[in-house]
Every structure is written in structure tokens, then in C-alpha cells.
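Notes for the one structure printed next.
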Amino acid sequence: AVGDSGTILLYAEPMDFGDAPDPTFPTYFANDGARHENTDTVWLGSLNSAEVDAHQSFEDGGDDGVQLLGSSAESGGPYALPFTPGQYGAVTITVSGDTGSGGYLHGWFDWNGDGDWDDADENPICSYAVNAPGDYTIEFSVPQTIAGSCVWARFRLDRGANLCAYSGPAPYGEVEDYEVCPTLIELESFTATPSDSRVLLEWTTASEVDNAGFNLYRSQSRNSGFAQINSTLIPPEGSPELGASYSYTDATVTNGINYYYRLEDIDLNGSSTIHGPVSARPDRAAVICSAIDDITVEAGSPVRNNTGEQLESCFAPIILTNTGDKTVTVYWHVTDSYLEENTKWHNVTLRPGEKYSGTEAAWGYLNLMYGVTREVTTPKITAFYNEGEFADTCTFIGIGIELNGTYDPALEDVSGVGLNPCR
5 AVGDSGTILL YAEPMDFGDA PDPTFPTYFA NDGARHENTD TVWLGSLNSA
55 EVDAHQSFED GGDDGVQLLG SSAESGGPYA LPFTPGQYGA VTITVSGDTG
105 SGGYLHGWFD WNGDGDWDDA DENPICSYAV NAPGDYTIEF SVPQTIAGSC
155 VWARFRLDRG ANLCAYSGPA PYGEVEDYEV CPTLIELESF TATPSDSRVL
205 LEWTTASEVD NAGFNLYRSQ SRNSGFAQIN STLIPPEGSP ELGASYSYTD
255 ATVTNGINYY YRLEDIDLNG SSTIHGPVSA RPDRAAVICS AIDDITVEAG
305 SPVRNNTGEQ LESCFAPIIL TNTGDKTVTV YWHVTDSYLE ENTKWHNVTL
355 RPGEKYSGTE AAWGYLNLMY GVTREVTTPK ITAFYNEGEF ADTCTFIGIG
405 IELNGTYDPA LEDVSGVGLN PCR
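See below:
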């Protein structure tokens, strides 16, 4: 429109622009920056914005449509920041509004940090079709070589036009730019050690740069449902030249349940990296036992029965005496060739000087009519001591003895050889 004095009046319609720094990225109108009209028709996230040109203050309040999930060694996740070279990366993009005849999502990452999106592999999302509002998780490959510093990413949603270009106009949709920064904490280890109603979480860093602290998260599922368990940020203790060791005890767990843990480190810029998960199943600790010889093993008086061809039997119980100065638990395994339910472990705990006289058969046989013979033998007897409480499982030289379990011939024998009085 031209006024009476020749003044040209220019009307600029507000549009949505990106935020990536210009130069070097095309963001301003004069540099054909990415821009979208009709932002209230279809947009990213829950908010949208419009301005007459890119202001690059990063405070427009409209960039909430893209969640950077990070990467995973396996396709399908679970994903965690940062994006790791050679792994599978993923983002979740929220589409809002009316997609009309169909919308398209596009995304670029300046993986090598050279200030543009023109290199190979820097356009991992192109013409991803969306037909309705909702969240869309998109996976892509992270290049083997990426910059170790912060880089910029751009995401665009358009309706109908299918414009897979990081610059230029679009009639509908929205553009959002994000700065993607790796955290500068080098983690050496992250472990979870279970005990009775507790899990000890420990992690060690090799170096820490601009570290604000750590958070810990727990879930009963490996891939979802994680909730923070520390009430305040765990403060940093390391430095760029020297790492540190950390520990945290989770005492709000239940025995017998498998838990998964993730560790988050946060830098002073607010960027975070998720590590894990690691898992642990708290339970009553197995008794760690040591072999001891201060046990005498005897066979009790055999009980014999001979009724001719109908039945012949002989059974003898076990007698154990603790001759040492420690409280001892003795295990013996009985094998019954006729009744499988009688094949099991037996045990008794003896104080110093205490004796046990059994009533159940430890050795013997039963010859039934028709030639069926029932053999009862005790092939191994093993004694252990422990300074604490005894449990149903005793760990010895890496071998677990479970009551009512299977006999393991590798167990150390205290005695029992040649004790069968029925032979």
C-alpha cells in the first residue's frame, strides 16, 4: 500500500521460526530460515509460537514438541542420553492439531558440529508420515563419529507439502530447534549389590567436568516405570583431573523382588546422561560357611527284620557329635532307591559338645517280595560352621547346598565311609 506522500507500508505476517544460531544455520527470514504459517492449525507439542522474524532468545515458550530419548545398543531401546556413536538413536515427537490430509515430520542433527546440516547422515528423519495427533517415537542410526561438544538439531512438521528441507517456508506446521549436549562426566562403573531388605548402589567416575550432581531411579521393569529414589541431588565430589566413588543404600525394597536401577548425572547446563539399568534382587543373605572336622559320625544300632521270603530289612540311623568349640551345622544326604520323596538333605545344628541321635534311616535296605530291593544310603556327610545365623542355603567353595535338593558329589566329605552296619 502506498500513502499520499509515497511511503510504502509493509505488512509482515507473524510466522514460526527456529532458534538455531544464525549464522551459521539458516534461521533468519533474510537467510531463508525455516518458517511456518498457520501455526494454530497443526503444531508440535502443546504450545506454538509466532513472530515476525527469528529472535533467537530461546525463550519463545513454544519448543516442547520433541523429547530427545538418547540412544541404545539394541534396536527398540531402552534409550538413554547422550547419543552414543554407532548405536540406535530415538526421539519422541508430539503432533497436535489437525493433520488434515496427512502430515510429515523431518529432523536434522549437526552430528559433526561443523555448523550445518549438509553432511551425510545428518538428516535421519525425512518425510515421516503422520495421520493423526499423538506421540511418534522414531528410531534412527547415530553415526560412528560425532562431535564431543554441543550440537544443534532442527525438527519440522508440515501438512500436505512434505517439505524435507531445513530452510524455506511452509504453509502449515511448526519448526523447533534444540541444542544437544553430551554430559562431561566419565563413568567407570555402576553396580547394584543386594542384601537383606537393601540394595547398595555404587558408582565410580574417572573425571567430572561441570558436574552438578546425580539422581537415582528405580523400577520393577527394565524399560519403564522408573521413579527417583533420592530426595535431593547427590552432590559431586570429583574433578576434571580426578574422579570419585559414590554409594547409596536403597532401604525401601522388599526381599524377593527384582529391581532395576538407573543413574543420572547432570551438568551445570542442565544436560543429563542416563546410565544403566543395573539390577538386584534383595533377599536374606546365604550363609557363608567353612568346612570343619570336629564332628564324629557314627551309625546307630541297626534294626533288623527277617520274615523269610516275605520281607527282609535292616535300617540304621545316624549319630553326630560336635567335639569342637564352635556351633556347627551338619548336612547329610540320604538316597532312597525306592521312595523318591525320602531322597533329600537332612541337617542339624549342634552346639559345642552336643550330640544328635537320629530316628530316620541313614543306611539300610528293604527286600520286598517279588525281588524288589529298597536301598538307603548316606554317601556324603559335610559339616559347616558360621558365626552368625544359619540359613537354609550354605555356600561352600562356590557350591550351594539346598535342602531337599540334589546331592552334589563334589562336596567335601567329613566321614561316612564304611559306616553302613547293614552290609
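Going by this note's numbering, the sequence shown opens with residue 5, and the numbers climb by one from there.
By construction, the Cβ of each residue, glycine as well, lies at the ideal position given by its N, Cα and C atoms.
Query raised in the report: Taking the alpha carbon of Ala231 as the point to measure from, which residue in Tyr265, Leu246 and Ser199 has its own alpha carbon closest?
Result: Tyr265
Query - Residue span of the beta strand (DSSP E) that contains Gln91, given as start and end - result: Premise fails: Gln91 is in no beta strand (DSSP E) and is neither H nor E.
Query raised in the report: Where does Ala365 fall in DSSP's three states?
Result: coil
Requested in this report: Give the straight-line distance between the Cα atoms of Pro244 and Asp271, rounded to the nearest whole angstrom.
Outcome: 13 Å
Query raised in the report: Exposed or buried, Ile129, counting other C-beta atoms within 10 Å across all chains shown (16 or more means buried)?
Result: buried
Query - Start-end ranges of the beta strand (DSSP E) lying completely within the region 239 to 295, minimum 3 residues - result: 249 to 254, 263 to 271 and 276 to 284
Query - CA nearest to the CA of Val179, picked from Ile189, Tyr32, Pro198 and Ser75 - result: Tyr32
Query raised in the report: Excluding sequence positions up to five away, which residues of its chain have a Cβ less than 6 Å from the Cβ of Pro137?
Result: Val99 and Ser100
**Report entry** Separation of Thr258 from Glu55, as counted between CA atoms
**Finding:** 54 Å
Query raised in the report: With distances taken from CA atoms, which of Val213, Gly280, Tyr83 and Leu267 is nearest Leu237?
Result: Leu267
**Report entry** Which of helix, strand or coil DSSP assigns to Phe33
**Finding:** helix
Query raised in the report: Does the Cβ of Ser228 have 16 or more other Cβ atoms within 10 Å, making it buried, or fewer, making it exposed?
Result: exposed
Report task. Name the two residues that bound the continuous beta strand (DSSP E) containing Phe230. Result -> No beta strand (DSSP E) contains Phe230, which DSSP labels as neither H nor E.
Query raised in the report: By Cβ distance below 6 Å, which residues in the same chain neighbour Glu241 in space, the five residues on each side in sequence not counted?
Result: Ala248
Query raised in the report: Touching or not, the region 276 to 290 and the region 91 to 98, by the rule of three or more beta carbon pairs under 8 Å?
Result: no
**Report entry** Anticipated Cβ contact below 8 Å, Arg308 with Asp340, distance rounded
**Finding:** Between Asp340 and Arg308 the Cβ distance is about 18 Å, and since that is not below 8 Å, they are no contact.
Query - Per-residue burial, Lys359 [other beta carbons within 10 Å of its own, 16 or more giving buried] - result: exposed
Query raised in the report: Taking Cβ positions, are Ala157 and Val282 nearer each other than 8 Å?
Result: no
Query raised in the report: If you draw a straight line from the alpha carbon of Glu364 to that of Ala303, how long is it in whole angstroms?
Result: 12 Å
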